[in-house]
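Novice:
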Amino acid sequence: MKKLWLALALILSCMALLPTEAQATAWEAKTMRASLSAREVERPLILGKGWLELSLEAQVKSTDQYWGPQGEKLEWDYAEWLYTKETVRVRYGVLRRGELSWEVPVHYLRLQNENLGTNTKGLYWGDPRFSFTFEPFRTQVPLTSVVVKAEMKAPMGNESPGSYIAGPSTFQRFITTTGTPDLTLSARGKRQFGVFATEAGIGYMYRFSGIAQYLLETTNNQLNGRLKPGNQVLMDASGTVQFGPVAIQGGLWYRRWGTVDAGTTSSGLLPNGNLEPIVGSDGSSFGLDVTAIGHVIRGIDVVAAANIPLTGEDLMFFPIEDLHPTRGVTYTARLEFRF
Amino acid sequence: MSRISRIAAAALTLGLSSMVLAPQAQAKFVSPYNHPDLDWYTIDTEHFAVHYPVSKKTTEEGNPHYINAEYSARRSAVESERMWPLMCGELNYFLKEKIHVVILDQSDYLEGFTIPSWDWIEISANPGGYFYRMRGRGEWFSDVLIHEFAHVVSLKASTSIAEGTGGIQVGGLYSDGIRDMDTGVQFYVSSNDAWWWTEGGAEFWSNNTGYYWWTSARDQNIRMTVLQDRLLDYGEWESRVDASDWGDGERGYQQGYNMALYIRERFGDETMARFAIEYSKGWRPNWDSVIEDVIGIDGRTLYNDWVAYVTEKYKAVEREIQAEGQVEGLELKGSPGSWEFKKPSDRDAYERSDRNQRESERHSTGTWELEPKFSDDGKYFGYNGGRIYVSKTPEGYFPAFSGASTSDADVSEDMKEFNWSLGTGATFSHQWDFIPGQDAVVLTMSEDAMTNRFQYWTRIKLEEDGYDWKQLYIGELTKVDRKVKGEMTETSDPGRVLGRAKPLDLYTPIPNTMRGTDPNVSPDGEKVVYIEYFDGGTNLVVINLDGTDKTYLTEFHDGTMFQRPDWSPDGTKVVFSMFRNYQNDLYMIDVSSKKIEALTWDKHESYDPHWGHDGLIYFTSDPDGIYNIYRMDPATREVEQVTNVLGGASSPTLTPDGNLVYSMYTAFGFKIWGLAGDEFMLRDATHRFNIAPDRGEVQAGLDYSEDLSFLESATQKYKFTRAMMPPTATPLIRYGNDSMTNWGITAGFQLFMQDFVEGHGGVIMAIVGEDSTLMAQYVNQVWYPSFFMTVYRVQSKSDFVRAFDADGDFSTTADQTYFEGEQAQVQNMVMGGMNYPFNRFIDLSAGMSAMSFGFQTISDTAFEPFSWRATGFVNATYSTISQRNPLPLNGTMIDLNYVHGYTDIVYAPYYGIDTDDGQRLDAYRYNAYQGRVTKYMPVKPIGGWDPLGLLSLARKQQHTFSVDLQGGYIDRNVQFNDEFRAGGRHPYWFGSGAVQPNTFFAGYPGFSLSGETMAILNAAYRFKVKDNINKKIGPLYVYRIDAQVMGTAGNLWSYRAPDDASEYYTDRFGTRVAYDESDLYRERPFRDYAYKNSPVDGAGEFSENYFLYDAGAEVRVSSVMFNRAPWNSFVRVAYGFNEIRGVGDVNGDDVITTADNGLGDALSAESELPGVRVYIGIGTGW
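Residue numbers (the numbering used here), protein chains in the order written: chain A, 223 to 561; chain B, 11 to 1192.
#1: What runs of the alpha helix (DSSP H), each 4 residues or longer, lie entirely inside the stretch 128-195 of chain B?
#2: Would you call the stretch 146-153 of chain B and the stretch 177-191 of chain B in contact, with 3 or more CB pairs under 8 Å?
#3: Three Cβ pairs or more, each shorter than 8 Å: is that satisfied between the stretch 924-942 of chain B and the stretch 961-979 of chain B?
#4: So the alpha helix (DSSP H) I305 (chain B) belongs to, where does it begin and stop?
#5: Three Cβ pairs or more, each shorter than 8 Å: is that satisfied between the stretch 659-671 of chain B and the stretch 381-401 of chain B?
#6: In whole angstroms, give me the CA-to-CA distance for D1077 (chain B) and Q929 (chain B).
#7: Out of A:M457, A:S323, A:A280, state which residue places its alpha-carbon closest to the alpha-carbon of R478 (chain A).
#8: Under 8 Å, CB to CB, which of the residues in the stretch 724-748 of chain B have a partner in chain A?
#9: Going by DSSP, what residues sit across from T970 (chain B) in a beta bridge?
#10: Out of curiosity, what's the CA-to-CA distance linking Y76 (chain B) and G99 (chain B)?
#11: Thinking C-alpha only, which one of B:S806, B:G779, B:H567 is nearest E716 (chain B)?
#12: Short of 7 Å in beta carbon distance, which residues of its chain neighbour A776 (chain B), apart from the five on each side in sequence? Order them along the chain.
#13: Closest to E542 (chain B) by CA distance: which of B:Q481, B:D580, B:F586 is it?
#14: Return helix, strand or coil for R583 (chain B), following the three-state DSSP convention.
#15: Comparing alpha-carbon positions, which option in B:G210, B:D47, B:T653, B:W442 lies nearest D688 (chain B)?
#16: Using the Cα positions of I1188 (chain B) and Q196 (chain B), report the straight-line distance between them to the nearest angstrom.
#17: Report buried or exposed for V111 (chain B), applying the criterion of at least 16 other Cβ atoms within 10 angstroms of its Cβ.
#18: Looking at the structure shown, is V269 (chain B) part of a helix, part of a strand, or coil, going by DSSP?
#19: According to DSSP, is S226 (chain B) part of a helix, a strand, or is it coil?
#20: For K343 (chain A), return the contacting residues in chain B, with the cut-off set at a CB-CB distance below 7 Å.
#21: Work out the CA separation of N453 (chain A) and T486 (chain A) for me, nearest whole Å.
#22: Could you check where the alpha helix (DSSP H) with S370 (chain B) kicks off and where it finishes?
#23: Taking 8 Å as the CB-CB cut-off, is N446 (chain A) touching chain B?
#24: Based on the DSSP output, what are the partners of A1123 (chain B) in its beta bridges?
#25: Thinking just about the alpha-carbon of each residue, which of B:L48, B:K604, B:W94, B:L96 is nearest to the one in N78 (chain B)?
#26: Using a C-beta to C-beta distance shorter than 7 Å, which residues of chain A count as neighbours of W293 (chain B)?
#27: Can you name, in chain order, every residue of its own chain whose Cβ lies under 6 Å from the Cβ of S506 (chain A), other than the five neighbours on each side?
#28: Just the chain B side, please: which residues come within less than 9 Å of I522 (chain A) by C-beta, in chain order?
#29: Would you call the stretch 528-544 of chain B and the stretch 446-457 of chain B touching, i.e. three or more CB-CB distances under 8 Å?
#30: Just to confirm, are Y289 (chain B) and S168 (chain B) a CB contact at a threshold of 8 Å?
#31: Quick check: is any heavy atom of the ligand MG less than 7 Å from the C-beta of T219 (chain B)?
#32: Taking only beta-carbon atoms, is M374 (chain A) less than 8 Å away from chain B?
#33: Closer than 7 Å by C-beta to V417 (chain A): which residues in its own chain qualify, once you throw out the five before and the five after it? Chain order, please.
#34: Step through the CB atoms of chain B and report whether any lies within less than 8 Å of the CB of M254 (chain A).
#35: Could you work out which residue in B:V943, B:L960, B:G1152 is closest to P951 (chain B) when comparing CA atoms only?
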């Protein structure tokens, strides 16, 4: 929790970025900007035309637990894994019913293993995501908002383990990407009932293949291999209750991923012809989220959340958070500025 | 007005996208010059902030360019606040954001534009000299502001895309190396309201709020447009892009205005505003559909209905005038035009001919021809056609006066010998005059006019102060020795005139006449009366011809506008037109007593007065809605109508023989017409004018000026930190398969921001994905040169497949080993420099940059530095090629570039060295010199040589021949990345534009050729295939197709390792490395084959390429998408005649073959066979 407070302090210090009086001209509200409620339960699933939201988010997970191959809950005796993800996210209401968003994360990661005497740590780029969300349907009072979203993930994160022979005892750098892009199509709906709201979403993530620097291919005497992570199905549902300026949200999520394929590159637009499945690399995970959203002042919200995976399966690969949520609670703090 | 408006906003954003790929100092929107000599002030009102300049030094302190735009700013502030509730009410869109109005007073030229999403209006305080001719007389500040503010409100109310972005740019380039085909696609999704609605709407709402009315000037525009069959068709009217012939811009405005009035009459007052509301509901690819959604009629039907309506309306006017008796004389030209047919068969042939050709013929007699006059002695005839054209044409030469037809044979020998065109573009629209008793004229020109041979040929005339004010000059006719056959000079290129006329020392500026225009010489030839501009208004001044004894006849400082002062025959009075306090009338002033007397006092627009030698005052007026020439007896004030025209008559002067010459408005321009004295209409018109105004009322009008001093307390010094424009972000979504097997989708945005007077600007771009670019640029435009600082970081991952061949013979594959891998690269650069425009042709840049380059493989724990580079550079560019025209017909560009560089190769795994051309490189300095000459030449008859009329035909069809020569020299062997590179380029990544043709060696892979010496010549022949296509397909409007054939010859030469075994050793890769640098052999251009660009076969034998050649053809399709975004496409096919070796994956098989081939270099052992390469660009430009 100490780290969570540190992250919050870091984010709050970024409030210095808020426009000053002298800059008011450039940042003043425009007439064309859509209205946006201060109450979370009344907010649609897109920002609305003319809104720019900049959010700074810190996620922290410190754990000595992991999932076994059959989903059993296990613990490391000598290792502790710190995962943090600091994300800058921009949402922009580019159309009355359309929103663009980008997010660029960096990761600070650390793995301590008393048994091996290692203490590996580092700061890395993560994988950026960009999306377009379209709201085909909305009613205002009470709010009903339905959106569809297309999201692309690009493999900007680090792929190099810093060593030809990777593994828990020899790697020098954390891998923070699959090395491959994703395309996710999803739909989400929200319905308000007075001070309550419910929300549910479903999505499908297609994962493209790519040459991954962390993947060594030895059978055909090649330097690296091609990897195609398994496609995923994503679902979640939540309920929200509003207490004055604060909304409390609780929900469940489920993620199912397919088998990872690996091999060498074949010809063609999708050069996956030579890839072979890695048995046991598919799996699923299920958990819950608890979130508190506080509207501090006009244009600023503070969000705190905990993500608790209840079930899961073995990673099969070195822990890349993006491939598989590891066991342990992830705490999130987020500061949202809206202009 | 609104020259930039939303279209420029889109163009700007697109331009910025290119800018980040080639960082450079950003030019200002209107003037490229900075003005450190000015302070800026701000008037803050409830809804506006008005910024205006004041010179730091006064005239008394020695400042010849003193500016103080305080009145202009106060007037603008007052007018803006008055119009705010009216205009916001029109659209029911009441602005929360403050609008910033920037007053420009550094120049004497009309300007006015707005970028609504930036809350920015910029106007010139000086309306220039011709605005009233197109729109009618009016108060400049309220006229220009209401129009621009109408844009602000209507476009904000209608915008379907958030104002913080100009649009979304989506594009990509797919390079298929195996098929040698590059395909690029680009879209720019932006707001797309139709031009007619945007500009016509601005005019209409200005009307609805009571500021505008349908003036006689607007009516003459549409009247003649309809009657002379020049209406813009529906596609032209929506997009404007293909409406670029004479008058099309103004025609589009007034066509839109008239349509809006028609819509109001037919569908109701709020219909135009409802289009805005409908469009704001959601972006749609085709704006046209809002028309049907609002009024139930599709746009094309509406257009056709309106055409029928105005045609009937103006046909009726024509019938009425013809019934009265049309009195207009004839156009002053030597022979009848093809449109003046006498037989039905000629008429049929004319109407069957190509529309462009017909219009071109009618333009050929001039388009902006005003102020015709004969000298008092009848010796000379001249007019202002953008320059002053003077000839010794006698009155009797013209059929208008002689009544006979004239051919060249009738032209006198005198006339053949003398025919001048004088002055530069600055004379446009202004009055000029002959000096009685001298072979000279007085005219208005730019203070920076290039008046001698050196300046003309070099275009070097420093304009370090950034001012180019108008000034009076004396131009001498006797020094001109040019002989022209008996036809009036016609050229559309003002820059060439002086060279043709050899006018050395032809012009003498009249001292103390800065910002003076419209001179008229007294009958005794001693004095000049003229108009002097200051701070949004003008005054009448008299001065001796030598610049002494300057006397102000009036001393207004309240926006008063004078027009065409003219001496009385006895030299005691001056007649003039004056607009003040919203009223335009004719006056005369007694020069000695300065007493002003009104000649008219009514609502008519009366201007262009001329005091004839017959004692009568000839002038233009519109009492019945059509401009005609009238004449008034100043003693009796009786008025007679002289002409009865269908178009519009202005600029009258009486000839020595008592005939009338004047300027006639037509749909093809202002033309010089003549009316014989015995054909004057002379219909009594006294009753149509108020010729006996109440003297008290007139005096009250002269004395009254609105007190604006209350704004003093709202004025403060400008602070850019309080005047930053709203930031504009352009989302960028891109695709590129540059790393062959991985998807290269990236996305990000580009953010642009600057302050309202453009002293400080910045761009930030972030595109992230597998390949990421982060860039930030700051531009300071406060001092004389602009300074810029750019930092960027490019980080990318690239896949590779390398094949190592054990025996070096690539025909055998069993011994080849393939490795597939990925590496990450990073490039960091910081660059700073300055940019200084010498004048509108010459631009100088200099700066420095530092760059590091490194990469990371699987075993690297961090990016390993490969090299460090630092350079200093100087670049000088001379260009007369239009940057706006993607298909330039003529012009020259010379680009000279010098780089001094320092490179340090530090890549540790290669032991701190890199091998290049047989030399181990560590740290070195070098000098690189590069030059380029690009010349476009329109194809036309050469002298009199025109075989079979083909060259004339080619000229009509806009055939253009271009040559492009590139040369470069680096003074030592340098690492591969510092060498010159060549090869076919797709414009997607490098920015479109024919000024930088992408056709150099299009027959070879991009960047595959390299060397330290470069000589390449590209030639192309381009021709129009079809224009006026005007095909609208959904949101796409296609208007023109061009084609060109081209070819390139040249090569790049480099260094070679020594052949003598005693002079080299081989490294671990088998590469020959010289013991001594001096043993390297530098290839001699044109004499040696280019070793690096010549392939070698399995036996080690070279195909010696002394020169490389290619030839190709290209089709270019000009179009726009979404009404405003240029969406030009092309297909280019090129054949490279030579087999080449090169860099990287030369043969495009996705495998880079880097075998030990024993050739003494690090080149790939691949070769590209002669063959065809195809480039396709869809919306990428060319």
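For glycine and all other residues, C-beta sits at the position ideal for the given N, C-alpha and C. Quick caveat, the model's predicted, so the values are computed rather than measured.
Specialist: With the given structure in hand:
#1: 141-145, 150-168
#2: no
#3: yes
#4: Mapped onto the second sequence, residue 305 (chain B) falls at position 295. It spans 299-305 - the alpha helix (DSSP H) in which I305 (chain B) sits, taken as one unbroken run.
#5: yes
#6: Locating residue 1077 (chain B) in the second sequence gives position 1067, where the first residue counts as 1. Locating residue 929 (chain B) in the second sequence gives position 919, where the first residue counts as 1. About 11 Å.
#7: Your numbering for residue 478 (chain A) matches position 256 in the first sequence. Taking only the C-alpha atoms, the option nearest R478 (chain A) is A:M457.
#8: K729, T731, R732, A733, M734, M735, P736, P737, A739, P741, I743
#9: Within the second sequence, numbered from 1, the residue matching residue 970 (chain B) stands at position 960. According to DSSP, which records beta bridges pairwise, T970 (chain B) is partnered with B:P948, B:R1032.
#10: Translated into the one-based positions of the second sequence, residue 76 (chain B) becomes position 66. Translated into the one-based positions of the second sequence, residue 99 (chain B) becomes position 89. Going from the Cα of Y76 (chain B) to the Cα of G99 (chain B) covers about 40 Å.
#11: Position 706 of the second sequence, counted from the first residue, corresponds to residue 716 (chain B). Nearest option by C-alpha distance: B:H567.
#12: As a first step, residue 776 (chain B) is located in the second sequence; it is residue number 766 there, counting from the start. So the qualifying residues of the chain are G758, F759, L784.
#13: For the purposes of this step, residue 542 (chain B) is taken as residue 532 along the second sequence, with counting starting at 1. Nearest option by C-alpha distance: B:Q481.
#14: Within the second sequence, the letter at position 573 stands for residue 583 (chain B). Here the sequence assigns Lys to residue 583 (chain B), which means Arg is not the residue at that position. Strand, per DSSP.
#15: To locate residue 688 (chain B), count along the second sequence from 1; it is residue 678. Closest option to D688 (chain B), Cα to Cα, is B:T653.
#16: If you number the second sequence from 1, residue 1188 (chain B) lands on position 1178. If you number the second sequence from 1, residue 196 (chain B) lands on position 186. Going from the Cα of I1188 (chain B) to the Cα of Q196 (chain B) covers about 6 Å.
#17: Counted from its first residue, the second sequence places residue 111 (chain B) at position 101. Buried, by the Cβ-count rule.
#18: For this step, residue 269 (chain B) is matched to residue 259 along the second sequence. Per the sequence presented here, residue 269 (chain B) reads as Met, with Val not at that position. Correct three-state label for M269 (chain B): helix.
#19: Position 216 of the second sequence, counted from the start, is the residue given in the question as residue 226 (chain B). Looking at S226 (chain B) - three-state DSSP - the assignment turns out to be helix.
#20: Looking up residue 343 (chain A) in the first sequence gives position 121. Simply none; closest approach about 13 Å.
#21: Walking along the first sequence from the start, residue 486 (chain A) turns up at place 264. Walking along the first sequence from the start, residue 453 (chain A) turns up at place 231. Near 19 Å, if we compare the C-alpha coordinates of N453 (chain A) and T486 (chain A).
#22: For the purposes of this step, residue 370 (chain B) is taken as residue 360 along the second sequence, with counting starting at 1. It spans 365-373 - the alpha helix (DSSP H) in which S370 (chain B) sits, taken as one unbroken run.
#23: Mapped onto the first sequence, residue 446 (chain A) falls at position 224. Yes, N446 (chain A) lies at the interface with chain B (some Cβ there is under 8 Å from its Cβ).
#24: Taking the second sequence and counting its residues from 1, one reaches residue 1123 (chain B) at position 1113. In DSSP, A1123 (chain B) forms a bridge with B:V1055, B:V1143.
#25: As a working mapping, residue 78 (chain B) is identified with position 68 in the second sequence. The residue with the shortest Cα to Cα distance from N78 (chain B) is B:L48.
#26: The count along the second sequence starts at 1 and reaches residue 293 (chain B) at position 283. Within 7 Å Cβ-Cβ: L317.
#27: By one-based count along the first sequence, residue 506 (chain A) stands at place 284. Excluding sequence neighbours, S506 (chain A) sits near R478.
#28: For the purposes of this step, residue 522 (chain A) is identified with residue 300 of the first sequence, where counting begins at 1. Neighbours of I522 (chain A) on chain B: none; closest Cβ ~19 Å, over 9 Å.
#29: yes
#30: Here residue 289 (chain B) refers to the residue found at position 279 of the second sequence. Here residue 168 (chain B) refers to the residue found at position 158 of the second sequence. Yes; because the gap between Cβ atoms is below 8 Å, this pair is in contact.
#31: The ligand MG is not part of this structure, which contains no ligands at all.
#32: In the first sequence, residue 374 (chain A) corresponds to position 152, counting from 1. True, the Cβ-Cβ gap to chain B drops below 8 Å.
#33: What you label residue 417 (chain A) is simply residue 195 of the first sequence in a count that begins at 1. Within the same chain, V417 (chain A) has close Cβ partners V263, V463, Q464.
#34: What you label residue 254 (chain A) is simply residue 32 of the first sequence in a count that begins at 1. It does: the Cβ of M254 (chain A) has a partner Cβ on chain B nearer than 8 Å.
#35: Here residue 951 (chain B) is taken as the residue at index 941 of the second sequence, counted from 1. Nearest option by C-alpha distance: B:L960.
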